[in-house]
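Before any comments, here is the structure.
In the UniProt record's numbering, the protein residues as written are 1 to 96.
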């Protein structure tokens with residue numbers, strides 16, 4: 001299992017736009033054959049900070065996700081609403 005935790009910080013006036021953009025990515029990702037989990041989390045104390053928890057069956061599924069139209073549209077739309085680059089941490093799942 002391949003797991004990625006992504007931190008995304010957005011401009012305060014762009015929270016609603018972020019949620020709209022990421023909702024489409026979420027809906028597409030959970031339908032992907034290799035997707036095991038795709039959670040969008042908002043920090044309770046810093047509402048402009050989001051974490052994305054993505055779990056895929058294997059690296060092939062991760063690479064397939066990064067070629068999907070919903071992912072590509074999301075990445076493009078994020079450019080104007082983030083305060084800085086996305087931060088990613090990659091993990092190997094121990095227990096599925």
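Positions of the beta carbon are idealized from the N, C-alpha and C atoms, including for glycine.
Short Cβ contact (9 Å threshold) for residue i with residue j
{"i": "residue 8", "j": "residue 86", "result": "yes"}
{"i": "residue 77", "j": "residue 21", "result": "yes"}
{"i": "residue 2", "j": "residue 90", "result": "yes"}
{"i": "residue 5", "j": "residue 38", "result": "no"}
{"i": "residue 31", "j": "residue 42", "result": "no"}
{"i": "residue 83", "j": "residue 28", "result": "no"}
{"i": "residue 70", "j": "residue 54", "result": "no"}
Limits of the beta strand (DSSP E) - the one that residue i falls within
{"i": "residue 6", "result": "2-9"}
Alpha helix (DSSP H) segments (min. 4 residues) lying fully within the stretch 13-93: 15-29, 59-65 and 69-78
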